[in-house]
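S.K.: Take this structure, written in structure tokens, and hold onto it; I'll ask about it next.
There are 2 protein chains.
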Amino acid sequence: MRPVKVGLLGLGTVGCGTVNVLARNADEITRRAGREIQIAMAATRDLNRPRNCATATFELTQHPETVVEQPDIDVIVELIGGERPAKELLLRAIASHKHVITANKALIAEHGNEIFEAARRHGVMVAFEAAVCGGISIIKAIREGLTGNRIEYIAGIINGTTNYILTGMQDRGQEFAAVLNEAQKLGYAEADPTFDVGGVDAAHKLTILAAIAFGIPLQYDKVYTEGISDLTREDIRHASELGYRIKHFGIAKRTPRGIEMRVHPTLIPCRRLIANVDGVMNAILVYGDAVGPTLYYGAGAGADPTASAVVADLVDVVRALTTDPENRVPHLAFQSGALTDVDILAPDDFETAYFLSLTAIDRPGVLADVTRILGDLDISIEAILQKEPQAGESVVPVIILTQKTTEKFMNDALAKIESLDSITRPVKRVRVEDLG
Amino acid sequence: MRPVKVGLLGLGTVGCGTVNVLARNADEITRRAGREIQIAMAATRDLNRPRNCATATFELTQHPETVVEQPDIDVIVELIGGERPAKELLLRAIASHKHVITANKALIAEHGNEIFEAARRHGVMVAFEAAVCGGISIIKAIREGLTGNRIEYIAGIINGTTNYILTGMQDRGQEFAAVLNEAQKLGYAEADPTFDVGGVDAAHKLTILAAIAFGIPLQYDKVYTEGISDLTREDIRHASELGYRIKHFGIAKRTPRGIEMRVHPTLIPCRRLIANVDGVMNAILVYGDAVGPTLYYGAGAGADPTASAVVADLVDVVRALTTDPENRVPHLAFQSGALTDVDILAPDDFETAYFLSLTAIDRPGVLADVTRILGDLDISIEAILQKEPQAGESVVPVIILTQKTTEKFMNDALAKIESLDSITRPVKRVRVEDLG
Numbered sequence: 076m077r078p079v080k081v082g083l084l085g086l087g088t089v090g091c092g093t094v095n096v097l098a099r100n101a102d103e104i105t106r107r108a109g110r111e112i113q114i115a116m117a118a119t120r121d122l123n124r125p126r127n128c129a130t131a132t133f134e135l136t137q138h139p140e141t142v143v144e145q146p147d148i149d150v151i152v153e154l155i156g157g158e159r160p161a162k163e164l165l166l167r168a169i170a171s172h173k174h175v176i177t178a179n180k181a182l183i184a185e186h187g188n189e190i191f192e193a194a195r196r197h198g199v200m201v202a203f204e205a206a207v208c209g210g211i212s213i214i215k216a217i218r219e220g221l222t223g224n225r226i227e228y229i230a231g232i233i234n235g236t237t238n239y240i241l242t243g244m245q246d247r248g249q250e251f252a253a254v255l256n257e258a259q260k261l262g263y264a265e266a267d268p269t270f271d272v273g274g275v276d277a278a279h280k281l282t283i284l285a286a287i288a289f290g291i292p293l294q295y296d297k298v299y300t301e302g303i304s305d306l307t308r309e310d311i312r313h314a315s316e317l318g319y320r321i322k323h324f325g326i327a328k329r330t331p332r333g334i335e336m337r338v339h340p341t342l343i344p345c346r347r348l349i350a351n352v353d354g355v356m357n358a359i360l361v362y363g364d365a366v367g368p369t370l371y372y373g374a375g376a377g378a379d380p381t382a383s384a385v386v387a388d389l390v391d392v393v394r395a396l397t398t399d400p401e402n403r404v405p406h407l408a409f410q411s412g413a414l415t416d417v418d419i420l421a422p423d424d425f426e427t428a429y430f431l432s433l434t435a436i437d438r439p440g441v442l443a444d445v446t447r448i449l450g451d452l453d454i455s456i457e458a459i460l461q462k463e464p465q466a467g468e469s470v471v472p473v474i475i476l477t478q479k480t481t482e483k484f485m486n487d488a489l490a491k492i493e494s495l496d497s498i499t500r501p502v503k504r505v506r507v508e509d510l511g
Numbered sequence: 076m077r078p079v080k081v082g083l084l085g086l087g088t089v090g091c092g093t094v095n096v097l098a099r100n101a102d103e104i105t106r107r108a109g110r111e112i113q114i115a116m117a118a119t120r121d122l123n124r125p126r127n128c129a130t131a132t133f134e135l136t137q138h139p140e141t142v143v144e145q146p147d148i149d150v151i152v153e154l155i156g157g158e159r160p161a162k163e164l165l166l167r168a169i170a171s172h173k174h175v176i177t178a179n180k181a182l183i184a185e186h187g188n189e190i191f192e193a194a195r196r197h198g199v200m201v202a203f204e205a206a207v208c209g210g211i212s213i214i215k216a217i218r219e220g221l222t223g224n225r226i227e228y229i230a231g232i233i234n235g236t237t238n239y240i241l242t243g244m245q246d247r248g249q250e251f252a253a254v255l256n257e258a259q260k261l262g263y264a265e266a267d268p269t270f271d272v273g274g275v276d277a278a279h280k281l282t283i284l285a286a287i288a289f290g291i292p293l294q295y296d297k298v299y300t301e302g303i304s305d306l307t308r309e310d311i312r313h314a315s316e317l318g319y320r321i322k323h324f325g326i327a328k329r330t331p332r333g334i335e336m337r338v339h340p341t342l343i344p345c346r347r348l349i350a351n352v353d354g355v356m357n358a359i360l361v362y363g364d365a366v367g368p369t370l371y372y373g374a375g376a377g378a379d380p381t382a383s384a385v386v387a388d389l390v391d392v393v394r395a396l397t398t399d400p401e402n403r404v405p406h407l408a409f410q411s412g413a414l415t416d417v418d419i420l421a422p423d424d425f426e427t428a429y430f431l432s433l434t435a436i437d438r439p440g441v442l443a444d445v446t447r448i449l450g451d452l453d454i455s456i457e458a459i460l461q462k463e464p465q466a467g468e469s470v471v472p473v474i475i476l477t478q479k480t481t482e483k484f485m486n487d488a489l490a491k492i493e494s495l496d497s498i499t500r501p502v503k504r505v506r507v508e509d510l511g
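First to last, the sequence lines map onto chains A and B. Every number in the numbering used here is 75 more than the matching position in the first sequence, counting from 1. Every number in the numbering used here is 75 more than the matching position in the second sequence, counting from 1.
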């Protein structure tokens, strides 16, 4: 089957991320989609700018209209951002019967109703997972995963810049301006940060989330929006003393009198999972009447995470174009002919760190014996915790945290340790994972 | 369009949950699916058993074969569990060209390859979101949301019973047997708990997750499985002293030498988000090369959360059967003709609790004035924090946490408070949400 041909509008951060992810994971993506996805052409303002992606395999142009009207292109991916010329280009692509994918939250939040209407008229798909919280597939989760629910509310940390700043103020006790300055240096905040810091970016995302949660039209102009620039480190400290953290939230809530849509700094109890989402990370709490609370966490921005969402939309479009509805998504994610028979490792080959709990006779030299056995097998020790013997006991618990090793080496070590006279019981081991 | 007709096999906890959710949210579900979903017939072992759902609108039978072969039924939902007779019934339904939905993790993990092959041969859909972690749509997230990624690992708290027990041991310092006993009384553990506590249930789920993450066949027999019954409260305390929590994890990891599939107790640093997933809740961490870490959290079992997944699968099937591929999922989740124009509330009507930060002259009576103003407007106070004046200052910060009120009342209160002589600066307010 011929590859699906993609036209890219914009080769900035996310554009290059998309080029890179499609190239790097081409094999897995094709095995999932059932068909090759090929970038045929890309439009960029400056042809000669240095970029973080290879552009040798497709044509470059300075004229986005050329891409939009290229007869053999099936899907247009719009990554220019902003209202103009993105909107006109998308509508032209739709009128040329091309499916469109966009990461443009402002465009969807403010002009989505018009764009969707055009798409219905021309029988093409419009996908916009990348427009809300980058790598978190929250659009799919709400539109398809929670369809059995009456959704009661959505509350999300949906802007990475404000979360980074508030986390910095909390963790390091710095003032707003100081952390903002640092965020700008790290590329987590724009030179003009008002769009993020003032809540406009979050309001765009909340507009979209509220519409798909409650079945209401997109109504960006009705979102109450408040930024974080008035918060001081004292506010954050006082909240902390009361058991709360301050996060910048987008909240859409169903009430008996209507729907609330609001973006503002919010105190939440620090024991809530979402109160512990820090740095540039995003998380969205969705409460459905059947499912109860669900939470979706991940990177909300950045080249590769946003590209992850763009490519997911591409695969969705390709699957819809390629197979009959019954076989749209392969049972095991990959096409049935494209499963691979990778080796499944036996326990001996597992590699993890270990927590070991020993019971040892309380006399000199025991610890030296144990650590020598571990050392001989190249097992490094991360920490040792030796407890006092309990009243009337002559044995003591010794806890050892090791670094990573293979299970085979650990089995050898434990056999030797258990054969020591001073070790009175089988050693208990629990595997340790960093999950960092 | 005629409704889609569903045949239910099993009217236990999840069966009744499905009946209830479909009835309670019928309007929203139809607006999302684009077509009514109707239970036509249900099979149950005992026709006269008291149940938690109304069965008046459909036919009841003791013979599941009758349901499976009913000519006007489009979709069979299998909620019997176990291998027999579930497997034969599903294969018969598939052979009768009916789409099937199942919550049966053992069946998919151990016989999925055969069932999927039969489905492909007969051109029907097999959906099984409810088989893994109930209300969390993790199958959809991995199969459709992360298709651009090379997935590196999955690590999940995928069994609610073991998580409830470990949380109880951690929080209350009780031994395994005591918490298990309590879990059994609360219905969080079966009378024979070995399936959960020994890790078999988690191994079934991990088999499915590993297959869809890595594109490998289902290989339940290759999962290393270890339960939690050997853990003591001392182990948990020692881990805690070292900065770790012990959770029961299912882990599937890609390594250069092959794939690890393992279910066992695991120490993880307590600062990780997933280390703080407690009680019966489930969470799955999926690490993709493009997206980085993502986390999905929710209820992994129970009548309504599992029904949430069953109904999501039903809507998926109905959407595929009903519309052309381009319009499968409506842009805003609900069919374009089915959006509603619910009122969006103005800020005056918002209802939240408040954190107020006042700067007051340090003299008697100020707090009395402030609390009287709040009391007159029926605004209850949750907590007050009065700070010492700083050296050389005659003003003190006063922090007040209120209970819920409308923003209109709060505006009135703040206008009055700010007009007091003793209040020297505008009051700062930050909204408070419990998100519980």
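A virtual CB, placed ideally from N, CA and C, is assigned to each residue, including glycine. From a predicted model like this one, the values you see are computed outputs, not experimental measurements.
Can you tell me whether E482 (chain A) is buried or exposed, with buried defined as 16 or more other CB within 10 angstroms of its CB?
M.R.: The residue in question, E482 (chain A), is buried, as its Cβ has 16 or more Cβ neighbours within 10 Å.
S.K.: For V355 (chain A), I'd like the list of residues in its chain whose CB is within less than 6 Å of its CB, leaving aside the five on either flank, ordered along the chain.
M.R.: G235, Y239 and Y263, listed in sequence order.
S.K.: Which runs of the beta strand (DSSP E) at least 3 residues long sit entirely within the region 137-174 of chain B? Give them in chain order.
M.R.: Correct list: 150-153.
S.K.: Considering only residues of the same chain and omitting the five flanking positions on each side of S212 (chain B), which have a CB-CB separation below 7 Å?
M.R.: Excluding sequence neighbours, S212 (chain B) sits near E204, A384 and A387.
S.K.: By DSSP's criteria, F430 (chain B) is part of a beta bridge. Which residues make up the other side?
M.R.: BP columns for F430 (chain B) point to B:L476 and B:V505.
S.K.: Assuming A168 (chain B) and I183 (chain B) are in contact, meaning their beta carbons sit under 8 Å apart, how far apart are those beta carbons, in whole angstroms?
M.R.: The Cβ separation is near 15 Å, so there is no contact.
S.K.: Judging by CA-CA distance, which residue of A:L165, A:I112 and A:G377 is the nearest neighbour of C208 (chain A)?
M.R.: Of the candidates A:L165, A:I112 and A:G377, the one whose C-alpha sits nearest the C-alpha of C208 (chain A) is A:G377.
S.K.: Which residue or residues does DSSP assign as beta-bridge partners of Y371 (chain B)?
M.R.: Looking at the DSSP assignment, Y371 (chain B) forms a beta bridge with A:Y371 and B:I359.
S.K.: Would the region 160-175 of chain A count as touching the region 126-136 of chain A if we require 3 or more Cβ pairs under 8 Å?
M.R.: Counting Cβ pairs under 8 Å, fewer than three are found: no touch.
S.K.: With a threshold of 9 Å between beta carbons, is H186 (chain B) in contact with chain A?
M.R.: It does not: the Cβ of H186 (chain B) has no partner Cβ on chain A nearer than 9 Å.
S.K.: I'd like the list of long-range same chain contacts for E185 (chain A), defined as Cβ closer than 6 Å, with 5 residues on each side in sequence excluded.
M.R.: Around E185 (chain A): Y295.
S.K.: With DSSP run on the structure shown, which of helix, strand or coil describes K322 (chain B)?
M.R.: Here K322 (chain B) sits in strand by DSSP.
S.K.: Can you list, in chain order, the residues of its chain whose CB lies under 6 Å from that of I58 (chain B), leaving out five sequence neighbours each side?
M.R.: The requested residue 58 (chain B) does not occur in the structure, where chain B is confined to residues 76 to 511.
S.K.: Please list the partners that F430 (chain B) has in chain A, where partner means a Cβ-to-Cβ separation under 7 Å.
M.R.: Correct list: A314 and L342.
S.K.: What does a CB cutoff of less than 7 Å around R329 (chain B) pick up in its chain, not counting 5 residues either side in sequence?
M.R.: E227, Y228 and F289, listed in sequence order.
S.K.: Rounding to the nearest angstrom, what Cα-Cα distance links K297 (chain B) and L241 (chain B) in this structure?
M.R.: Going by the C-alpha atoms only, they are around 26 Å apart.
S.K.: How about K173 (chain A) and I148 (chain A): are their beta carbons less than 9 Å apart?
M.R.: Taking 9 Å as the Cβ cut-off, K173 (chain A) and I148 (chain A) qualify as a contacting pair.
S.K.: By a C-beta neighbour count over all protein chains shown, 10 Å radius and 16 as the cutoff for buried, is R337 (chain A) buried or exposed?
M.R.: R337 (chain A) comes out buried.
S.K.: Throw me the rounded Cβ distance for the M200 (chain B) and A395 (chain B) pair, which I believe falls under 8 Å.
M.R.: Yes, they are in contact, since the Cβ atoms of M200 (chain B) and A395 (chain B) sit about 7 Å apart, within 8 Å.
S.K.: Between T130 (chain A) and chain B, is the shortest Cβ-Cβ distance under 9 Å, so that the two count as touching?
M.R.: False, the Cβ-Cβ gap to chain B never drops below 9 Å.
S.K.: In the DSSP assignment, find the alpha helix (DSSP H) that holds I217 (chain A) and state where it starts and stops.
M.R.: Where I217 (chain A) is concerned, there is no enclosing alpha helix (DSSP H), given that its DSSP letter is neither H nor E.
S.K.: Tell me whether L122 (chain B) sits in a helix, a strand or coil according to DSSP, three-state version.
M.R.: L122 (chain B) falls in the coil class under three-state DSSP.
S.K.: Answer with buried or exposed for R509 (chain A), where buried requires no fewer than 16 other C-beta atoms within 10 angstroms of its C-beta.
M.R.: One point to set straight first is that residue 509 (chain A) is Asp, not Arg, in the sequence displayed. Burial call: exposed.
S.K.: For V150 (chain B) versus V79 (chain B), is the C-beta distance shorter than 9 Å?
M.R.: Yes, they are a contact pair.
S.K.: Just confirm the distance between the C-beta atoms of L489 (chain B) and V473 (chain B), as a whole number of angstroms; I'd bet it's less than 8 Å.
M.R.: Going by Cβ atoms, the distance from L489 (chain B) to V473 (chain B) rounds to 13 Å, so no, they are not a contact pair.
S.K.: Establish whether the CB of V352 (chain A) and some CB of chain B are separated by less than 9 Å.
M.R.: Yes, V352 (chain A) counts as interfacial toward chain B.
S.K.: Quick one: which chain A residues come within Cβ less than 7 Å of L510 (chain B)?
M.R.: Near L510 (chain B) (Cβ distances below 7 Å), the residues of chain A are A230, I343, R347, I349 and L360.
S.K.: Is the separation between the beta-carbon of E301 (chain B) and that of P340 (chain B) shorter than 9 Å?
M.R.: A contact, by the Cβ cut-off of 9 Å.
S.K.: First and last residue of the alpha helix (DSSP H) that includes G90 (chain B)?
M.R.: That run of the alpha helix (DSSP H) goes T88 to R99.
S.K.: Is E153 (chain B) buried or exposed, if buried means 16 or more other CB atoms sit within 10 Å of its CB?
M.R.: So E153 (chain B) ends up on the buried side.
S.K.: Where L306 (chain A) and G92 (chain B) are concerned, what is the direct C-alpha to C-alpha distance, given to the nearest angstrom?
M.R.: So the alpha carbons of these two residues sit roughly 45 Å apart.
S.K.: Go ahead and pull the three-state DSSP assignment for R247 (chain B).
M.R.: Three-state DSSP puts R247 (chain B) in a helix.
S.K.: Quick one: grab the DSSP three-state call for I291 (chain A).
M.R.: Coil.
S.K.: Applying the criterion that 16 or more other CB atoms from any shown protein chain within 10 Å of the CB defines a buried residue, is E335 (chain A) buried or exposed?
M.R.: Label assigned to E335 (chain A): buried.
S.K.: D310 (chain A): buried (16+ other C-beta within 10 angstroms of its C-beta) or exposed?
M.R.: The residue in question, D310 (chain A), is buried, as its Cβ has 16 or more Cβ neighbours within 10 Å.
S.K.: Give the DSSP-derived three-state secondary structure of G467 (chain A) in the structure shown.
M.R.: Of the three classes helix, strand and coil, the one that applies to G467 (chain A) here is coil, per DSSP.
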